[in-house]
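The structure appears below as structure tokens.
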């Protein structure tokens, strides 16, 4: 009989990762010249290791909380996914201050990168005898509504930006079309409202005591010989994970900024650098997906894979919009014109927004019809997502 107090052999991976990562960041900060490739490599490596450690700590805390409260694992994974956005938002804040336009494009591109990751992850999910991967009930019932809403948001916003550009009232183009401070406040508040309602409905519908409709909707519980984690330990893991994720996110942001600058100097397109930057911005979510999957916690992994998509238009993007408006209003970044213009409406910004529509439409259709993903749907999703990323990089 196993000892109920016996520790999981993987439970201290986070400690080694965090120790090595913080050591690399400290070396880069105090012992290396302020400029140069070595500094960027140390910051990037250390930051990623810290983000990996933070992600594992969050999974430990969320899994323990789900077992204690008998919450559906998909809901628990979604909560962890919301927390994993902190490193991304920290990184984006630094980028938005330095280059507002590039920061806006990077924020939107994280949607396309997350969509590609979702399609790729569907390809490694366990499948039944017919080759179908069954998706968690909360994802089918609620996340697909968010996919449809995101498709509508990106299509509407992209068309509006095109119309503002085409029908600009300024004939001599002295004042280029742009999204101003008021636009960003309104867009940000409306999109955040959708996220608040979706999260509230998710917790209310798929946690607590209810009659599960499928095996995917059964609340998780502790194993027979597993001792529940004390609440103070659970809180310590969660708070420490959030805290060190800020350090890791800042370090990864510094590394990514240097990388994008080097790519631009080497003649690569702005969109190519933005895609690379968006991959680093999504590092926390990717790590949580991989960690949860290899631990056999497929619902938590799928919640983060789906959350990497749905939380961009309804959490990350609106917060980035509000930050841009605040930074411009307070003079941290200069306005484009006397009317408070912040984000210029050009081919790059408009195409990044508008091409989110087909990705969300394909994703909604693949999941909504039967709650399963077959090999054809998986291949279609991956192809569409990668095609969109290619078009943005090659012709952006």
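Numbering (my numbering), first residue to last: 49 to 444. Where a beta carbon is used, it is the ideal one built from N, C-alpha and C, also for glycine.
By Cβ distance below 8 Å, which residues in the same chain neighbour residue i in space, the five residues on each side in sequence not counted?
| i | result |
| --- | --- |
| residue 311 | 320, 321 and 324 |
| residue 428 | 410 and 414 |
| residue 330 | 136, 158, 161, 162, 165 and 356 |
| residue 71 | 94 |
With respect to the beta strand (DSSP E) encompassing residue i, which residues constitute its N-terminal and C-terminal limits?
| i | result |
| --- | --- |
| residue 225 | Looking at the DSSP string, residue 225 is not in any beta strand (DSSP E), and its letter there is neither H nor E. |
| residue 390 | 389–392 |
Using beta-carbon positions only, say whether residue i and residue j come within less than 8 Å of one another.
| i | j | result |
| --- | --- | --- |
| residue 161 | residue 293 | no |
| residue 140 | residue 154 | yes |
| residue 159 | residue 391 | no |
| residue 73 | residue 326 | no |
| residue 225 | residue 362 | no |
| residue 145 | residue 375 | yes |
| residue 340 | residue 107 | yes |
| residue 126 | residue 351 | yes |
| residue 62 | residue 112 | no |
| residue 82 | residue 381 | no |
| residue 401 | residue 202 | yes |
Give the single residue among the options whose Cα lies nearest to the Cα of residue i.
| i | options | result |
| --- | --- | --- |
| residue 440 | 346, 399 and 183 | 399 |
| residue 354 | 377, 334, 74 and 317 | 334 |
| residue 412 | 200, 227 and 89 | 200 |
| residue 130 | 171, 234 and 243 | 243 |
| residue 279 | 212, 116, 249 and 304 | 116 |
| residue 349 | 414, 422, 174 and 383 | 174 |
| residue 387 | 138, 229 and 421 | 229 |
| residue 360 | 195, 213, 305 and 314 | 195 |
| residue 433 | 165, 296 and 71 | 165 |
| residue 407 | 318, 192 and 97 | 192 |
| residue 94 | 75, 104 and 81 | 75 |
| residue 178 | 428, 227, 424 and 238 | 424 |
| residue 250 | 64, 185, 384 and 288 | 185 |
| residue 205 | 435, 438 and 403 | 403 |
| residue 92 | 308, 393 and 346 | 308 |
| residue 214 | 428, 417, 248 and 395 | 395 |
| residue 405 | 97, 87 and 197 | 197 |
| residue 290 | 119, 137 and 380 | 137 |
| residue 435 | 163, 372, 343 and 103 | 163 |
| residue 25 | 393, 171 and 416 | As displayed, the chain neither begins before 49 nor continues past 444, which places residue 25 out of reach and without an answer. |
| residue 288 | 401, 188, 331 and 103 | 103 |
| residue 397 | 238, 344, 234 and 208 | 208 |
| residue 336 | 133, 77 and 306 | 133 |
| residue 183 | 419, 428 and 442 | 419 |
| residue 239 | 364, 78, 176 and 188 | 364 |
| residue 417 | 119, 188 and 118 | 188 |
| residue 442 | 330, 389 and 317 | 317 |
| residue 142 | 389, 60, 338 and 306 | 306 |
What residue does the alpha helix (DSSP H) around residue i start on, and which one ends it?
| i | result |
| --- | --- |
| residue 286 | 279–313 |
| residue 152 | 148–170 |
| residue 113 | 85–117 |
| residue 326 | 318–329 |
| residue 355 | 346–359 |
| residue 459 | The structure shown does not extend to residue 459, since the chain is modelled only from 49 through 444, so no value can be given for it. |
| residue 68 | 61–78 |
| residue 415 | 404–416 |
| residue 373 | 365–377 |
Using C-beta distances below 6 Å, list every residue in its chain close to residue i, excluding the 5 sequence neighbours before and after it, in chain order.
| i | result |
| --- | --- |
| residue 236 | 366, 369 and 370 |
| residue 263 | The predicted model places residue 263 with a pLDDT of 45, which falls under 50 and marks its position as unreliable, so this point remains unresolved. |
| residue 109 | 282, 285 and 286 |
| residue 277 | 112 |
| residue 426 | 170 and 171 |
| residue 190 | 250 |
| residue 87 | 76 and 80 |
| residue 343 | none |
| residue 377 | 229 |
Go through its chain and collect everything with a Cβ distance to residue i's Cβ below 7 Å, but skip five positions before and after it.
| i | result |
| --- | --- |
| residue 168 | 430 |
| residue 302 | 91 |
| residue 389 | 226, 228 and 383 |
If residue i sits next to residue j, beta carbons under 8 Å apart, how far is it from one beta carbon to the other, in whole angstroms?
| i | j | result |
| --- | --- | --- |
| residue 69 | residue 296 | 7 Å |
| residue 181 | residue 421 | 5 Å |
| residue 90 | residue 65 | Wrong, their Cβ atoms sit about 15 Å apart, outside the cutoff. |
| residue 372 | residue 232 | 6 Å |
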